[in-house]
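Quick note on the numbering used here: the sequence shown kicks off at 1 and runs consecutively.
Glycine included, every Cβ here is placed at the ideal spot set by N, Cα and C.
These numbers come from a predicted model, not from an experiment.
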Amino acid sequence: EAAPHSFASADGMCTGEVAAYKGGRVDWVTTCKFFSKSLGFGNMRIDGWSTRETRAPHMAVHLCIVFNVLFIYVSLPPRANLLLDDEYNDYVYGEPKAGADGKSLNDLYVQCVEDKAFKRYMSKSHVVNAFMVSPTTLLYTIPFNKKNFAKVRDLSIAHVKVWLDMLAEEDGVFLKNIDDKRVQGELLQLDVRTRQFCGRDPDTKNVANILGLETTDKLVRTLWGDPTDPVWSTR
Numbered sequence: 001e002a003a004p005h006s007f008a009s010a011d012g013m014c015t016g017e018v019a020a021y022k023g024g025r026v027d028w029v030t031t032c033k034f035f036s037k038s039l040g041f042g043n044m045r046i047d048g049w050s051t052r053e054t055r056a057p058h059m060a061v062h063l064c065i066v067f068n069v070l071f072i073y074v075s076l077p078p079r080a081n082l083l084l085d086d087e088y089n090d091y092v093y094g095e096p097k098a099g100a101d102g103k104s105l106n107d108l109y110v111q112c113v114e115d116k117a118f119k120r121y122m123s124k125s126h127v128v129n130a131f132m133v134s135p136t137t138l139l140y141t142i143p144f145n146k147k148n149f150a151k152v153r154d155l156s157i158a159h160v161k162v163w164l165d166m167l168a169e170e171d172g173v174f175l176k177n178i179d180d181k182r183v184q185g186e187l188l189q190l191d192v193r194t195r196q197f198c199g200r201d202p203d204t205k206n207v208a209n210i211l212g213l214e215t216t217d218k219l220v221r222t223l224w225g226d227p228t229d230p231v232w233s234t235r
């Protein structure tokens, strides 16, 4: 197993590690962490990208701590147009899942809505908001303490387990007409647009201010998919 790749800002004030893996229906999965004591923040994330052998969603778990506040983005972004595909929407987000202890992703979403410790984060960017297409996306800030961190940890683990179970499915919604040229075209288009988003995310500029343009570009390409994937040529 290859060792994680280390990176740092030019002044050494921010350091981090990133590792990437692939295999089976996992097209690309990355783990990344970077911290800066002087700037008072830390960031940990895992991003999972499904191959086009399945219509299973992608997966994202991002945890960022700024002083005593925890910011979370936890989601299984769909690979279907949910306005037109009720079957996909109901199956992915509405049905009970073993990986979530018999709860649906919507149940986990409602948990956060009803928990007063979770404060909904609303981006000021139309670019970011347009990308929040999963109906159960968890985008919140929450005071950092052991109790709240345990809640966030359980939510994160549940989403990863559900995603892995979905990748392992051999029939049903995710495999329906998977070899059809039209379906493959739609999946490719969605994957291309997903990668294009990261280049438009306003927060990418903030990272570039810390790590520099070259390191940021390499990091973005690694986190958002296999850097050798031809879809990057359309970015």
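So what's residue i in DSSP terms, helix, strand or just coil?
| i | result |
| --- | --- |
| Ala-98 | helix |
| Asn-81 | coil |
| Ala-168 | coil |
| Arg-52 | coil |
| Arg-235 | For Arg-235, the predicted structure reports a pLDDT of 46, less than 50, and the residue's modelled location is therefore unreliable. A value from the coordinates is still provided. Here Arg-235 sits in coil by DSSP. |
| Ser-156 | helix |
| Phe-174 | helix |
| Gly-12 | coil |
| Lys-146 | helix |
| Lys-103 | strand |
| Lys-124 | coil |
| Lys-119 | strand |
Identify every residue that forms a DSSP beta bridge with residue i.
| i | result |
| --- | --- |
| Tyr-21 | Val-29 |
| Arg-45 | Cys-32, His-62 |
| Phe-67 | Paired residue(s): none; Phe-67 is not in a bridge. |
| Leu-139 | Tyr-73 |
Kindly list the residues whose CB is nearer than 6 Å to the CB of residue i, restricted to its own chain and excluding five residues on each side of it in sequence; keep chain order.
| i | result |
| --- | --- |
| Thr-215 | Phe-7 |
| Ser-9 | Ile-210, Leu-211 |
| Thr-51 | Arg-25, Asp-27 |
| Ser-38 | Met-13 |
Nearest to residue i by CA position, among the options, is which residue?
| i | options | result |
| --- | --- | --- |
| Val-110 | Arg-195, Asn-129, Gly-48, Thr-137 | Thr-137 |
| Phe-71 | Lys-176, Leu-84, Tyr-91, Arg-153 | Arg-153 |
| Thr-148 | Glu-53, Ala-168, Arg-55, Cys-112 | Strictly speaking, residue 148 in this sequence is Asn, with Thr absent from that position. Closest by alpha carbon: Cys-112. |
| Val-183 | Arg-79, Trp-49, Phe-41 | Arg-79 |
| Met-166 | Pro-77, Cys-14, Ser-36 | Pro-77 |
| Asp-115 | Leu-155, Ala-130, Asp-90, Gly-102 | Leu-155 |
| Arg-221 | Asn-43, Trp-49, Thr-15 | Trp-49 |
| Val-133 | Leu-83, Leu-164, Val-173 | Leu-83 |
Sorted by chain position, which residues of the same chain lie with C-beta nearer than 8 Å to residue i's C-beta, five sequence neighbours on each side aside?
| i | result |
| --- | --- |
| Pro-4 | Glu-17, Val-18, Ala-19, Thr-31 |
| Leu-219 | Phe-7, Val-18, Cys-32, Val-207, Leu-211 |
| Leu-223 | Val-18, Thr-30, Cys-32, Arg-45, Asp-47, Cys-198 |
So, for residue i: in the same chain, excluding its five sequence neighbours on each side, which residues have a beta-carbon less than 7 Å away from its beta-carbon?
| i | result |
| --- | --- |
| Gly-40 | Val-66, Phe-67 |
Check whether the segment 56-67 touches the segment 114-124, taking contact to mean three or more Cβ pairs, one atom from each stretch, closer than 8 Å. no
Segment contact flag, the segment 93-108 with the segment 209-224, C-beta cutoff 8 Å, min 3 pairs: no
Three or more beta-carbon pairs under 8 Å between the segment 139-155 and the segment 19-37, yes or no? no
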